[in-house]
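Read the structure below first, then the notes.
Residue numbers (this note's numbering): 6 to 389.
What follows is the structure, encoded as structure tokens:
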């Protein structure tokens, strides 16, 4: 059975069913509209690492930064920090993140929900596996004008060196059945076929995202039968996934031909509890994901202190890439967006630290001695 961070499985399941029954599962809408609540993201079942299927190589960068090189003998790796945002469609949040990232020399990864490129008028063109045509748990892209504007600012993000991956399409979590956790390979094929078809339509409208540069993503609510999902992901050219969860910060590993970048389960110092380090899970741990900002600045400070302690554990420990998973959201008065932006501002300028995309980290790993990488991978998880 799945584990749920600081919640026991039984309590979490009861709370989840109650929330889903009343409010449904939803992530932030692209325009920053009010969000419905979802259950806290679960910790994925532990699985064994396997390299039986090799990952295809990722082309090297056109212009390599100074850190994109093979390490010298005995040299420590950079402390990579990977900021990633599910949904990735809110202009207000891109408008804050992009200037900040430019100031601190950071690249981020937006994991785009394909339906946000589909105008509401064309909703029936999408049929989620096992669902009726025109239905998505997170809605669609709004008017044609809104979709055109979205394409323009996503192009700006690409031009600034940020990565766009996939958050798939309809966002069907447990309770919105058939959920992604129940899909077989054929259903994942249908979902990814439609993601790339939507992308093709958007490219005709001027979207400059090369399908070949969509190299990975995160599944809705971290759910999936990986034995069914990974063959489809590989078949559609994906080389990484960031949906699994591990205790602490660990090095990426190859699982059935996919680079897996696990999200860390960490200790929140202010609570003395372990939580999956994603904004929604932190929100749920703080106040049950209620639309209440709490005392001014308190939630932001708690999350920021958590990020800092996890970073220091990795930096002073195994130097494993730190995955910071978020949404573009205004939950709890914007506490979580504020925390991640403040953390980006301070951590990306630290020595021996690189704020990079998933693809950039893969490109860096490809330059390293595989024996050295395996030694890193065998180091104990960094625990805060």
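Even for Gly, the Cβ is constructed at its ideal location relative to N, Cα and C.
query	result
Three-state class that DSSP yields for residue 375 in the structure shown	helix
Three CB pairs or more closer than 8 Å across the stretch 329–337 and the stretch 88–95	yes
CA-to-CA distance, residue 196 to residue 293, given in whole angstroms	31 Å
For residue 263: DSSP bridge partner residues	260
Whole-angstrom C-beta distance between residue 247 and residue 223, which should lie under 8 Å	5 Å
Residue 97, buried or exposed, once every other Cβ within 10 Å from all chains shown has been counted against 16	exposed
Own chain residues within Cβ distance below 6 Å of residue 389, not counting five before or after	271, 272, 314, 315, 318
CA-to-CA distance, residue 386 to residue 52, given in whole angstroms	Its pLDDT being 37, under 50, residue 52 is placed unreliably by the model, and nothing is read from it.
Residues near residue 310 in its chain [Cβ-Cβ closer than 7 Å; skip 5 each side]	274, 275
Span separating the alpha-carbon of residue 108 from that of residue 164	15 Å
C-beta atoms of residue 364 and residue 167 nearer than 8 Å	no
Whole-Å CB distance - residue 377 paired with residue 76, under 8 Å assumed	7 Å
Cβ-based neighbour list, residue 173, same chain, cut-off 8 Å, excluding 5 preceding and 5 following	118, 119, 185, 196, 197, 200, 222, 224, 225
Integer Cβ distance of residue 94 from residue 155, believed to fall under 8 Å	6 Å
In chain order, each beta strand (DSSP E) run of at least 3 residues that lies wholly inside the stretch 93–154	114–117
Meets three-Cβ-pair contact criterion under 8 Å: the stretch 298–309 and the stretch 255–263	no
Inter-residue Cα distance where the pair is residue 175 and residue 78	47 Å
Buried versus exposed, by CB contacts within 10 Å (16 or more), residue 411	Summary: the structure shown does not reach residue 411, with the chain confined to residues 6 through 389, and so no result is reported for it.
Euclidean distance between Cα positions of residue 147 and residue 116	19 Å
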